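Asker:
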Amino acid sequence: MKRLLLLAICLFLVIFPFSASESAAQGAFWSSFTVPLPEGCIDVGGVNVCGPFRVNDIQIIEESTGDILGDCEFGNSDTATTGLIPPGYQFWAERNGGSIRVSSNQANLPIILAHIVRVEGNLSVLWDYYHPEGGLHGPGGAVYPDPYQRKDFEFAGVKKLTFTTSADKDFNWMMKHALQPLQNAGYTANRGTFTDTHPGFTVEISVHDTLDGRVLLEDDVIKKEGWKVKSGDGTRGNRGTYEYTIKYKGTAKATLYWPAPFQNSKVWEITANVTFEKDLNSSTEEADVYTTASEGTITQTMYTGTPVCPGPTFTDTYPIFTGEGVLYIRRGTDPAQYQADASMSALTPIEAKSFSWCCPPGSTSCTTSTLTRSAQEHQWLETGDSDQTAQAGGTLKGNYKDDTGSFEWDLKPVDKPSATLPGSMMLLLGD
Numbered sequence: 007m008k009r010l011l012l013l014a015i016c017l018f019l020v021i022f023p024f025s026a027s028e029s030a031a032q033g034a035f036w037s038s039f040t041v042p043l044p045e046g047c048i049d050v051g052g053v054n055v056c057g058p059f060r061v062n063d064i065q066i067i068e069e070s071t072g073d074i075l076g077d078c079e080f081g082n083s084d085t086a087t088t089g090l091i092p093p094g095y096q097f098w099a100e101r102n103g104g105s106i107r108v109s110s111n112q113a114n115l116p117i118i119l120a121h122i123v124r125v126e127g128n129l130s131v132l133w134d135y136y137h138p139e140g141g142l143h144g145p146g147g148a149v150y151p152d153p154y155q156r157k158d159f160e161f162a163g164v165k166k167l168t169f170t171t172s173a174d175k176d177f178n179w180m181m182k183h184a185l186q187p188l189q190n191a192g193y194t195a196n197r198g199t200f201t202d203t204h205p206g207f208t209v210e211i212s213v214h215d216t217l218d219g220r221v222l223l224e225d226d227v228i229k230k231e232g233w234k235v236k237s238g239d240g241t242r243g244n245r246g247t248y249e250y251t252i253k254y255k256g257t258a259k260a261t262l263y264w265p266a267p268f269q270n271s272k273v274w275e276i277t278a279n280v281t282f283e284k285d286l287n288s289s290t291e292e293a294d295v296y297t298t299a300s301e302g303t304i305t306q307t308m309y310t311g312t313p314v315c316p317g318p319t320f321t322d323t324y325p326i327f328t329g330e331g332v333l334y335i336r337r338g339t340d341p342a343q344y345q346a347d348a349s350m351s352a353l354t355p356i357e358a359k360s361f362s363w364c365c366p367p368g369s370t371s372c373t374t375s376t377l378t379r380s381a382q383e384h385q386w387l388e389t390g391d392s393d394q395t396a397q398a399g400g401t402l403k404g405n406y407k408d409d410t411g412s413f414e415w416d417l418k419p420v421d422k423p424s425a426t427l428p429g430s431m432m433l434l435l436g437d
């Protein structure tokens, strides 16, 4: 939820000057900077200017976006403040020679632009940027190398978000799934540059007048619309980059049969309801890489005994773990060319199975056996070493057989955010 804005109070406090005691206050979070002050005399535009020198004022800047969060001017004091700035943040600064400490109740880890002047006459000699040393310091001595990952912290400044899609979407689709959800959640969100990338689009969106952090926006709004966070320099601080991709949902089946002449008798059988989501970090220019999501299940049936003297069967259901299956779809092919494989990560069976079986059936010649944990861990999807070809509509459906088993799969593209799918578009696994 968007935090309440105390705009009237903020404007009042910005208009009127702060007392020395207010300037000397400190926020809960702080970062430190070292500004090397020139010694002796330096050349300034061909003029020899001699010290002593001091930091006269600083700009506090959110590095990820270049947003100027505020200014602090020391003058003849060693403390300064930005005052309270809408929607309700404030920075304080302390000067001790070339050591600068910036604090706030917001958890930004800013850079500063320091203005160095000659003490006598306040003659300007240098502007330069400086990065914080040692991360952001918080209450109780805590240090946060990347405080922007905390949803419970507040952050000053505009959140600048970039949404991209390689799918063939139009302007209205991008507005519906990128801009409008933020506005519907109560945020002041404005559209910036909109670019047609053939196919797909890129749109820049800025979110103003909130102290909510980027990660909070992602979890509460953005990810629910089907967007995935892209890692790298485009996602840090108050800046985020997101890509919309389709999912593949459906079923897979794997069966291992006894060799001839008992090729119709099963050793084990696995069925899976599975979802593959795009892995932005693993995808390359040659192939889009999808990995199994945590949604879905695997059901394994284990057959005991022999084809001539079958024993009891045991069936257990297991979760599908993220990343235990991989789907590769080559780029630039129409229809799509793909390969996939997946294996169980869980120990099977869930618990040891003790049983008796008689051979021949009905005889008194019986054996007691135990199927121990981890005794059966099997591959449940394999499309082979050669590329498979997608069917009409992008469906990935086929079969493959080798000495590890017989495999079938039916995976359909899902091109809608799961939170907003109309009932007629919901994909029933196994249909």
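When the letters of the sequence shown are read in order and numbered with my numbering, they come out as residues 7 to 437.
Quick reminder that beta carbons are idealized off the backbone N, C-alpha and C, glycines included.
Just so we're clear, the structure is a prediction, and the values are computed from it rather than from any experiment.
Are the region 195-207 and the region 166-185 touching, with three or more C-beta to C-beta distances below 8 Å?
Answerer: In short, these stretches touch, since the Cβ pair count reaches three.
Asker: Rounded to whole angstroms, what is the Cα-Cα separation between Arg337 and Leu286?
Answerer: So the alpha carbons of these two residues sit roughly 14 Å apart.
Asker: Just mark Ser27 as buried or exposed, buried being the case when its beta carbon has 16 or more other beta carbons within 10 Å.
Answerer: At Ser27, the pLDDT of 39 sits below 50, so the modelled position is not reliable; the number obtained from the coordinates is stated separately. The residue is exposed, with fewer than 16 neighbouring Cβ atoms inside 10 Å.
Asker: Kindly give me the distance between the Cβ atoms of Ile304 and Thr323, rounded to whole angstroms, as I take these residues to be in contact under 8 Å.
Answerer: That pair is a contact at about 7 Å.
Asker: Using the Cβ count rule (16 or more neighbours within 10 Å means buried), how would you classify Asp409?
Answerer: Answer is exposed; the Cβ neighbour count stays below 16.
Asker: For His183, does the three-state DSSP call read helix, strand or coil?
Answerer: Helix.
Asker: What is the residue span of the beta strand (DSSP E) that Arg336 lies within?
Answerer: Arg336 -> beta strand (DSSP E) spans 331-336.
Asker: Helix, strand or coil for Phe361, going by three-state DSSP, please let me know.
Answerer: Strand, per DSSP.
Asker: For Thr71 and Gly163, which I take to be in contact (beta-carbon distance under 8 Å), what is that distance rounded to the nearest angstrom?
Answerer: Thr71 to Gly163, Cβ: 6 Å. Contact.
Asker: Counting C-beta neighbours from all protein chains within 10 Å, is the total for Gln269 16 or more, i.e. buried, or is it exposed?
Answerer: Gln269 comes out exposed.
Asker: Assess contact between the region 256-269 and the region 379-393, defined as three or more Cβ pairs (one per stretch) separated by less than 8 Å. Is contact present?
Answerer: Segments in contact, yes.
Asker: In three-state DSSP terms, what is Ala398?
Answerer: Here Ala398 sits in helix by DSSP.
Asker: Of all the options Glu79, Cys56, Leu129, Ser109, which has the alpha carbon lying nearest to the alpha carbon of Phe35?
Answerer: Ranking Glu79, Cys56, Leu129, Ser109 by Cα distance to Phe35 puts Ser109 first.
Asker: Pro138 by DSSP, collapsed to three states: which one?
Answerer: In this structure, Pro138 counts as coil in the three-state DSSP scheme.
Asker: Nearest-angstrom Cα distance between Arg60 and Ser83?
Answerer: Straight-line Cα distance between these residues: approximately 11 Å.
Asker: With 16 other CB atoms within 10 Å as the buried threshold, where does Tyr56 fall?
Answerer: Here residue 56 turns out to be Cys, not Tyr, going by the sequence shown. The residue in question, Cys56, is exposed, as its Cβ has fewer than 16 Cβ neighbours within 10 Å.
Asker: Rounded to a whole number of angstroms, what is the C-alpha to C-alpha distance between Ala184 and Gly400?
Answerer: If you take the alpha carbons of Ala184 and Gly400, they lie about 25 Å apart.
Asker: Is it true that the CB of Met180 sits closer than 8 Å to the CB of Val209?
Answerer: Cβ atoms of Val209 and Met180: closer than 8 Å.
Asker: Helix, strand or coil for Thr426? Go by DSSP, reduced to three states.
Answerer: With a pLDDT of 38 at Thr426, under the threshold of 50, the modelled position of this residue cannot be trusted, and the question is left open.
Asker: Jot down the residue ranges of each uninterrupted beta strand (DSSP E) in the region 116-172, minimum 3 residues, whole runs only, in chain order.
Answerer: Complete beta strand (DSSP E) runs here, min 3: 117-124, 129-136, 139-143, 165-171.
Asker: Note down, one range per segment and in chain order, each beta strand (DSSP E) of at least 3 residues found wholly within the region 245-308.
Answerer: Counting whole runs of 3 or more residues, the region 245-308 contains the beta strand (DSSP E) stretches 245-250, 253-263, 272-284.
Asker: For the beta strand (DSSP E) that contains Val420, what are its first and last residues?
Answerer: Segment 411-420, the beta strand (DSSP E) holding Val420.
Asker: Roughly how many whole angstroms lie between the Cα atoms of Gly103 and Asn178?
Answerer: Near 55 Å, if we compare the C-alpha coordinates of Asn178 and Gly103.
Asker: Work out the CA separation of Asp239 and Lys166 for me, nearest whole Å.
Answerer: Approximately 13 Å between the Cα atoms of the pair.
Asker: Would you kindly check if the distance between the Cβ of Ile117 and the Cβ of Tyr95 is under 8 Å?
Answerer: The answer is no: Cβ separation not under 8 Å.
Asker: Helix, strand or coil for Leu17? Go by DSSP, reduced to three states.
Answerer: Reliability fails at Leu17, whose pLDDT of 35 lies under 50, so the model's placement of it is uncertain and the value that follows must be treated cautiously. Three-state result, Leu17: helix.
Asker: Could you give the C-beta distance for Glu224 and Val213, rounded to a whole number, given that I count them as a contact under 8 Å?
Answerer: Not quite, the Cβ-Cβ distance comes to about 11 Å (not below 8 Å), so this is no contact.
Asker: Taking 8 Å as the limit between beta carbons, can you name the residues of its chain near Lys229, skipping five residues before and five after?
Answerer: For Lys229, where only same-chain residues beyond five positions count, the Cβ hits under 8 Å are Val235.
Asker: Cα-Cα, which of Tyr154, Glu357, Gly311 is closest to Thr241?
Answerer: Minimum Cα distance to Thr241 is reached at Tyr154.
Asker: Threshold first: 3 residues or longer. Then list the beta strand (DSSP E) segments lying entirely within the region 204-231, N to C.
Answerer: Segments of the beta strand (DSSP E) lying fully in the region 204-231: 207-214.
Asker: Looking at the structure shown, is Gln343 part of a helix, part of a strand, or coil, going by DSSP?
Answerer: Correct three-state label for Gln343: strand.
Asker: Could you have a look at Leu387 and say whether DSSP puts it in helix, strand or coil?
Answerer: Three-state DSSP puts Leu387 in a strand.
Asker: Could you pull out every residue in the same chain whose Cβ sits closer than 8 Å to the Cβ of Gly246, ignoring the five residues on either side in sequence?
Answerer: Taken in chain order, the residues that qualify are Lys165, Lys166, Leu167, Thr168, Arg220, Leu223, Glu224, Ile228, Val235, Gly240.
Asker: According to DSSP, is Leu188 part of a helix, a strand, or is it coil?
Answerer: If DSSP states are grouped into helix, strand and coil, Leu188 belongs with the helices.
Asker: Tell me whether Ser37 is buried or exposed, calling it buried when 16 or more other Cβ atoms sit within 10 Å of its Cβ.
Answerer: Classification of Ser37: buried, given that the 10 Å Cβ count is 16 or more.
Asker: Taking only the alpha-carbon atoms, compute the straight-line gap between Tyr193 and Met350 and give it to the nearest angstrom.
Answerer: Straight-line Cα distance between these residues: approximately 43 Å.
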